[in-house]
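Student:
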Amino acid sequence: MAKKSYRKILVGLDVGTTKVAGAAGQVSYDGAVDVLGICEVPSFGLRRGNVIDIDSTSRAIDRCLNDLERMCGINIASARVGFSGANIATIPNRAVVAVGHPGNEIVQEDVERVVHAAKMIAIPPDRSIIHLLPRQFIVDGYEGVTDAVGMAGSRLEVEAVLVTAATTAVQNLMKAVGRAGLKVKELTLNTLLAAESVLSPAEKEMGVVLVDIGGGTMDISIYEQGGLVFSSIIPVGGEHITRDLAVGLRTNLEEANRIKEQHGCSSVDAAREDVIIEVSNINGQASRQVSEKFVASIIQPRIEEMLEIVQGELFRAGVIGVPPGGIVLTGGTSNLRGITRSVEEYLHIPARVGLPENTRFINGEFKQGQYAAVLGALLYDLKNSASDVNLDEELLLGSWLGRVILWFKDLFR
């Protein structure tokens with residue numbers, strides 16, 4: 223068997239409310255991403271997706287990077303960093319420029335000018351543009367152009383979606399990452415990353431709703447004609463379910479989270495009365511017994527609240543009828559038993575759970591919704607990187623020199 227060759231190493235980081243997750247992968251010459259390793263550590267420095275404690279967030283990032291370096295035998299210098307938060311908003315915009323080259327041939331400079339023009343929009347001084355995502359180019363009135371370079375025309379337009387975020391929120395995240403000694407390749411909206419790993423090109427083209435329910439936020443995004451057209455981030459997520467259980471079961475957050483992960487159901491109908499669960503008290507000592515149905519009775523109202531919010535956001539986005547691709551659920555809360563049935567009964571829209579795809583060598587433990595964004599970061603980076611990263615220059619994989627670097631790095635941390 224021929225030895226497999228690699229031309230690129232990719233690293234992704236998902237800085238979330240309840241966890242920091244990291245992933246590293248190799249890109250082989252057949253174009254596939256082979257996952258080297260995934261790790262996660264608890265995060266306590268964020269609330270609702272926003273950094274509230276830079277030092278705590280930085281320590282979690284540093285610990286995650288250390289674990290990932292040891293797991294994969296690499297030295298990590300930079301990564302694509304995914305982010306979310308209730309401060310993020312999307313703005314549709316349109317721009318037009320005249321083509322003035324001989325023969326009216328559109329060149330790359332024209333594309334850059336029209337994209338730059340689309341950024342010229344009035345936004346509040348406390349906000350920054352994070353992404354400009356072209357939906358389509360229009361040449362002399364002809365719509366649906368994906369690559370305008372080389373075409374003939376006198377008028378070039380672009381329809382785009384701008385993603386903006388609170389400037390201070392971005393700065394605080396960048397500071398936390400920087401203190402961990404990591405260079406940010408690019409900050410990327412988490413829904414774009416998750417979409418790479420859980421949505422198919424056909425779904426994004428025909429129209430689909432992606433609902434990513436993380437620890438502190440719920441990201442609701444709509445994809446049409448191959449790209450993002452709407453995104454809304456709501457400050458409610460799986461952590462709220464955990465807190466509901468802690469109050470309802472009179473226990474601590476750790477125990478509530480354990481019960482949610484092992485026995486959580488999205489509705490009473492999906493739970494069993496004969497399944498009995500041992501619950502420790504708030505001090506973690508004595509225990510009592512409750513049924514799985516009782517646990518579900520605490521979770522169900524919060525799920526219904528989330529689905530009511532999704533329904534309202536779809537109405538605000540102008541979604542009429544049933545999206546051809548239905549609703550795809552991902553994030554940790556998508557692991558709740560019966561979640562697709564709850565969505566279908568409440569919203570009357572077909573639903574499925576989106577698990578990470580399109581990468582190789584994923585341990586079954588990590589093929590879950592909570593890793594969609596960090597694994598999607600590898601795929602998104604491959605698709606959007608400006609240039610290849612030389613293996614010997616960026617990451618010293620599995621070599622004696624790489625291990626020496628890691629030893630010195632640990633020595634002086």
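Converting from the sequence shown to the working numbering requires adding 222 to each position, the first position being numbered 1.
Glycine is no exception: its CB is placed at the ideal position from the N, C-alpha and C atoms.
From the DSSP secondary-structure annotation, give me the bridge partner or partners of Arg-510.
Tutor: BP columns for Arg-510 point to Val-501.
Student: Assuming Ile-328 contacts Val-321 under a Cβ cut-off of 8 angstroms, what Cβ separation, rounded to an integer in Å, is found between them?
Tutor: Ile-328 to Val-321, Cβ: 6 angstroms. Contact.
Student: Look at the alpha carbon of Leu-467 and the alpha carbon of Asn-479, and state the distance between them as a whole number of angstroms.
Tutor: One C-alpha to the other measures close to 8 angstroms.
Student: Are the CB atoms of Gly-438 and Arg-281 within a distance shorter than 8 angstroms?
Tutor: No, the pair does not count as a contact, with Cβ atoms beyond the cut-off.
Student: Shortest alpha-carbon distance to Glu-461 belongs to which of Val-319, Val-237, Lys-241?
Tutor: Out of Val-319, Val-237, Lys-241, Lys-241 has the C-alpha closest to the C-alpha of Glu-461.
Student: Would Ile-463 and Arg-538 be called neighbours here (beta carbons separated by less than 8 angstroms)?
Tutor: Contact flag unset, no.
Student: Alpha carbons only, please: which of Gly-366, Glu-379, Cys-286 is nearest the one belonging to Asp-332?
Tutor: Among Gly-366, Glu-379, Cys-286, the Cα nearest to that of Asp-332 is on Glu-379.
Student: In terms of residue numbering, what span does the beta strand (DSSP E) encompassing Ala-468 cover?
Tutor: That residue, Ala-468, is in no beta strand (DSSP E); its alpha helix (DSSP H) goes 460 to 471.
Student: Under 8 angstroms: do the region 372 to 386 and the region 350 to 358 share three or more Cβ pairs, one atom per stretch?
Tutor: Counting Cβ pairs under 8 angstroms, three or more are found: they touch.
Student: Would DSSP call Thr-413 helix, strand or coil?
Tutor: Three-state DSSP puts Thr-413 in a helix.
Student: Three Cβ pairs or more, each shorter than 8 angstroms: is that satisfied between the region 396 to 406 and the region 427 to 444?
Tutor: The region 396 to 406, when compared against the region 427 to 444, does not touch it at the 8 angstroms Cβ threshold.
Student: If you draw a straight line from the alpha carbon of Leu-421 to that of Gly-234, how long is it in whole angstroms?
Tutor: Distance between the alpha carbons of Leu-421 and Gly-234: 18 angstroms.
Student: On the DSSP bridge assignment, give the partners of Gln-358 in chain order.
Tutor: According to DSSP, which records beta bridges pairwise, Gln-358 is partnered with Glu-381.
Student: Beta-carbon separation of Gly-598 and Ala-417 under 8 angstroms?
Tutor: The answer is yes: Cβ separation under 8 angstroms.
Student: Rounded to whole angstroms, what's the CA-CA distance from Thr-390 to Ser-350? Just pull it up for me.
Tutor: Spanning the two alpha carbons is a distance of roughly 9 angstroms.
Student: With Val-550 as the anchor, note down where its beta strand (DSSP E) starts and where it stops.
Tutor: First-last of the beta strand (DSSP E) with Val-550: 549 to 552.
Student: Provide the residue span of the beta strand (DSSP E) that contains Gln-248, from first to last.
Tutor: 241 to 250 is the span of the beta strand (DSSP E), which, as asked, contains Gln-248.
Student: In whole angstroms, what separates the C-alpha of Ala-398 from that of Gln-592?
Tutor: Approximately 22 angstroms between the Cα atoms of the pair.
Student: Whole angstroms are fine: how far does the CA of Arg-582 sit from the CA of Asp-256?
Tutor: Rounded to whole angstroms, Asp-256 to Arg-582 spans 5 angstroms at the Cα level.
Student: Give a yes or no on whether the C-beta atoms belonging to Val-596 and Gly-244 are separated by under 8 angstroms.
Tutor: Yes; because the gap between Cβ atoms is below 8 angstroms, this pair is in contact.
Student: Can you tell me the Cα-Cα spacing of Gly-576 and Arg-285, whole angstroms?
Tutor: About 28 angstroms.
Student: Out of Ser-300, Thr-279, Gly-267, Asp-289, state which residue places its alpha-carbon closest to the alpha-carbon of Ile-231.
Tutor: Nearest of Ser-300, Thr-279, Gly-267, Asp-289 to Ile-231, Cα basis: Ser-300.
Student: What residue from Gly-253, Val-263, Cys-294, Thr-312 has the CA that sits closest to Glu-535's CA?
Tutor: Comparing Cα-Cα distances from Glu-535 to each of Gly-253, Val-263, Cys-294, Thr-312, the minimum goes to Thr-312.
Student: Using a Cβ distance threshold of 8 angstroms, determine whether the region 515 to 532 contacts the region 482 to 500, with at least three qualifying pairs required.
Tutor: Judged by Cβ distances under 8 angstroms, the region 515 to 532 makes contact with the region 482 to 500, as three or more pairs qualify.
Student: With H, G and I counted as helix, E and B as strand and the rest as coil, what does DSSP make of Val-541?
Tutor: Of the three classes helix, strand and coil, the one that applies to Val-541 here is coil, per DSSP.
Student: Going straight from the alpha carbon of Thr-279 to that of Glu-262, what length do you get?
Tutor: Between Thr-279 and Glu-262, the C-alpha separation is close to 13 angstroms.
Student: Between Ser-509, Ser-556, Ala-254, Pro-423, which has its C-alpha nearest Asp-441's C-alpha?
Tutor: Selected option, being the one with the closest Cα: Ser-556.
Student: Using the three-state DSSP reduction, which class does Pro-546 fall into: helix, strand or coil?
Tutor: Note: Pro-546 maps to coil in three-state DSSP.
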